[in-house]
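In order, the protein sequences belong to chains A and B.
Everything in the first sequence is counted per my numbering, starting at 22 for the first residue and increasing by one.
Everything in the second sequence is counted per my numbering, starting at 22 for the first residue and increasing by one.
There are 2 protein chains.
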Amino acid sequence: MDLKQYLHEKALEIEKALKTYIPSLPAEAERLGEAMRYSLFAGGKRLRPILTLASAEVVGGNPQVAMPAACAIEFIHTYSLIHDDLPVMDDDDWRRGKPTSHKVFGEAQALLAGDALLTHAFTILAASYKLDSVKPEKVLKVVLEIASAAGPEGMVGGQSADIEQEGAIKAQAAPSVLKYIHTHKTGSLIMASVRAGAILGGATLKQLKLLTTYGKKLGLAFQICDDILDATGDPKLLGKPVKTDATHKKLTYVTVHGLQEAKNAARRLAFEAVESLTEFNELADPLRAIAHYAIQRRK
Amino acid sequence: MDLKQYLHEKALEIEKALKTYIPSLPAEAERLGEAMRYSLFAGGKRLRPILTLASAEVVGGNPQVAMPAACAIEFIHTYSLIHDDLPVMDDDDWRRGKPTSHKVFGEAQALLAGDALLTHAFTILAASYKLDSVKPEKVLKVVLEIASAAGPEGMVGGQSADIEQEGAIKAQAAPSVLKYIHTHKTGSLIMASVRAGAILGGATLKQLKLLTTYGKKLGLAFQICDDILDATGDPKLLGKPVKTDATHKKLTYVTVHGLQEAKNAARRLAFEAVESLTEFNELADPLRAIAHYAIQRRK
Chain A
22 MDLKQYLHEK ALEIEKALKT YIPSLPAEAE RLGEAMRYSL FAGGKRLRPI LTLASAEVVG
82 GNPQVAMPAA CAIEFIHTYS LIHDDLPVMD DDDWRRGKPT SHKVFGEAQA LLAGDALLTH
142 AFTILAASYK LDSVKPEKVL KVVLEIASAA GPEGMVGGQS ADIEQEGAIK AQAAPSVLKY
202 IHTHKTGSLI MASVRAGAIL GGATLKQLKL LTTYGKKLGL AFQICDDILD ATGDPKLLGK
262 PVKTDATHKK LTYVTVHGLQ EAKNAARRLA FEAVESLTEF NELADPLRAI AHYAIQRRK
Chain B
22 MDLKQYLHEK ALEIEKALKT YIPSLPAEAE RLGEAMRYSL FAGGKRLRPI LTLASAEVVG
82 GNPQVAMPAA CAIEFIHTYS LIHDDLPVMD DDDWRRGKPT SHKVFGEAQA LLAGDALLTH
142 AFTILAASYK LDSVKPEKVL KVVLEIASAA GPEGMVGGQS ADIEQEGAIK AQAAPSVLKY
202 IHTHKTGSLI MASVRAGAIL GGATLKQLKL LTTYGKKLGL AFQICDDILD ATGDPKLLGK
262 PVKTDATHKK LTYVTVHGLQ EAKNAARRLA FEAVESLTEF NELADPLRAI AHYAIQRRK
């Protein structure tokens, strides 16, 4: 399959849908709406929502049924980037070649744009399903899946550990803390993207289990590759400065295990992700290709 | 009825329930859990969750059925206070006589504690209902009610307008911008607290309409009273400095309409709130008493 073409087409579909989910706000909250749109349409890869659509498809579901959840997840991913970039967090001025939200809108509006995107994700989930075609129990299950993956037991927990440990971790404890950070900070939402699509697509318990393994491995491979790119990538391709992890004394796969082992681990995890799909037919080809892409990408 | 006793008993019940909804986090995210607990149990009045329970009761529902929603709303209210107090927002060091979250945990963890409380509210909503006793459609309706009241079309929209207008508003436009800020920043979540309880308690459409009017009037009365307290209140009773609105050139009911008209408006709105409850029996006495309390409170 032509992955590049597939990713491009899906990203276009998702962007079209994302636009329909932006609330229309009155003049008093115009600036907030602008800030929401700025970050939502700043050139993201749309990896998470693509995973949601592809996972619905792989179990024989109509990917359209997964679109509201896919968009809600992209809203949440976008919020997490805005808050992550704030001066009190990673203090990043650039992302994907554009000034970050707080550089354009100021810190207060950037903070609020993040809050708005996060909260609106749940409005999208609760408002967008026709409950005669998707059972409300299923929608609630997806709300739970996404909220717990994004909240303190998931992504925010990982971010908190990441901030707390910065520069302060003892070498001995590093591998286990790093594992917690990786599985939570990036892993949880990627896994939830896969699981939400699978649930909405009508996965059996067995299929859901296999796809959960896929999501888990993919999430880790993806994060390790991010760490590798920060250490070795091309800032022009990435659209942001590199080697910031070392400057901030961040705990990353590269700083803890070294570059070679990071490359090995990413390859191994991508291989295992593909392996977990053995029982699926060619409908799983996009997911297989995405696992390869996750470790070969240069941005 | 003895409102003081009622508020005290309900607050205790709510605090007991809130404790059960705090996620247990591993050592890596311990600091996040601490920050969440610190602000959740910093001596809030629990007005919003009490309104949720009381509204379920007034339509003949079991208030226990509204408890998860009541707690979710208090999580969201607490998040909004943490983010509001941050240096990039109102820059407040004190709240309810205690140092604010960022003074204790640092700005990064305070930001994340807010994010965590907001997100976890939806985990509570999606995980806490036994769907054989409360219909999943109803739970989804409450998710939508709360998310839209808290998000860009509600509270965050109001906060954004508040920040944007600070010191920059023309006298002519002030009353209408102020109205937007008040109805959204404080009003939306108070109205949602009432509506969520009513929906879960089994309100008829007519009852829901009457209680919506009550919530709308009460929210406005409450916010105007907040403005009055900032201008005239006792910092010792309030547990925070006063006259900060004037310092920040904030648009408030007092700065726009003057102190006397603010007092008149608060009284009028509380009266109208009580009036909207005429068709309810003595089960509505707590809601009636809360409307009086909203404008007589000194903190």
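We put the CB at the ideal spot given by N, CA and C, even for glycine.
These numbers were taken from a predicted model, which means no experiment stands behind them.
When the distance is taken between beta carbons, is residue j closer than 7 Å to residue i?
{"i": "B:Ala-77", "j": "B:Gly-222", "result": "yes"}
{"i": "A:Glu-166", "j": "A:Arg-216", "result": "yes"}
{"i": "A:Ala-168", "j": "A:Ala-213", "result": "no"}
{"i": "A:Asp-247", "j": "A:Asp-266", "result": "no"}
{"i": "A:Gln-186", "j": "A:Leu-272", "result": "yes"}
{"i": "A:Leu-46", "j": "B:Pro-70", "result": "no"}
{"i": "B:Gly-218", "j": "B:Thr-41", "result": "no"}
{"i": "B:Tyr-235", "j": "B:Leu-298", "result": "yes"}
{"i": "A:Ser-149", "j": "A:Pro-84", "result": "no"}
{"i": "A:Ala-93", "j": "A:Ile-145", "result": "yes"}
{"i": "A:Phe-96", "j": "A:His-29", "result": "no"}
{"i": "B:Val-277", "j": "B:Pro-157", "result": "no"}
{"i": "A:Ala-291", "j": "A:Ile-311", "result": "no"}
Which term fits residue i, buried or exposed, when burial requires 16 or more other beta carbons within 10 angstroms of its beta carbon?
{"i": "B:Lys-261", "result": "buried"}
{"i": "B:Glu-282", "result": "exposed"}
{"i": "B:Pro-256", "result": "exposed"}
{"i": "B:Gly-279", "result": "exposed"}
{"i": "A:Gly-64", "result": "exposed"}
{"i": "A:Thr-268", "result": "exposed"}
{"i": "A:Glu-49", "result": "buried"}
{"i": "A:Thr-225", "result": "exposed"}
{"i": "B:Met-22", "result": "exposed"}
If you follow the alpha helix (DSSP H) that residue i is in, where does it begin and where does it stop?
{"i": "A:Ile-145", "result": "122–148"}
{"i": "A:Ser-45", "result": "Here A:Ser-45 belongs to no alpha helix (DSSP H), and DSSP marks it neither H nor E."}
{"i": "A:Leu-241", "result": "226–253"}
{"i": "B:Glu-55", "result": "51–61"}
{"i": "B:Phe-292", "result": "280–296"}
{"i": "A:Glu-95", "result": "88–106"}
{"i": "A:Leu-221", "result": "209–222"}
Could you have a look at residue i and say whether DSSP puts it in helix, strand or coil?
{"i": "B:Lys-162", "result": "helix"}
{"i": "A:Arg-116", "result": "strand"}
{"i": "B:Met-22", "result": "coil"}
{"i": "B:Gly-172", "result": "coil"}
{"i": "A:Arg-318", "result": "coil"}
{"i": "B:Arg-67", "result": "coil"}
{"i": "B:Ala-194", "result": "coil"}
{"i": "A:Ser-76", "result": "helix"}
{"i": "B:Ser-154", "result": "coil"}
{"i": "A:His-203", "result": "helix"}
{"i": "B:His-269", "result": "coil"}
{"i": "A:Met-110", "result": "coil"}
{"i": "B:Val-263", "result": "coil"}
{"i": "B:Glu-300", "result": "coil"}
{"i": "B:Gly-81", "result": "coil"}
Using the beta-carbon of each residue, which ones in chain A are nearer than 7 Å to residue i?
{"i": "B:Glu-185", "result": "Arg-52"}
{"i": "B:Ala-147", "result": "Leu-161, Val-164, Leu-165 and Ala-168"}
Going along chain A in order, which residues have a C-beta closer than 9 Å to the C-beta of residue i?
{"i": "B:Leu-152", "result": "Pro-157, Glu-158 and Leu-161"}
{"i": "B:His-203", "result": "Chain A residues near B:His-203: none, gap ~11 Å exceeds 9 Å."}
{"i": "B:Met-110", "result": "Glu-128, Ala-129, Leu-132 and Leu-133"}
{"i": "B:His-104", "result": "Leu-132, Leu-133 and Asp-136"}
Applying a beta-carbon distance threshold of less than 7 Å, which residues of chain B neighbour residue i?
{"i": "A:Ser-169", "result": "Thr-144"}
{"i": "A:Gln-180", "result": "Leu-133"}
{"i": "A:Gly-172", "result": "Ala-137, Thr-140, His-141 and Thr-144"}
Output, in chain order, the set of chain A residues within a Cβ distance shorter than 8 Å of residue i.
{"i": "B:Leu-139", "result": "Asp-136, Leu-139 and Thr-140"}
{"i": "B:Val-198", "result": "Glu-49"}
{"i": "B:Met-57", "result": "Pro-173"}
Name, please, each residue of chain B whose Cβ falls closer than 8 Å to the Cβ of residue i.
{"i": "A:Leu-46", "result": "Pro-173, Glu-174 and Gly-178"}
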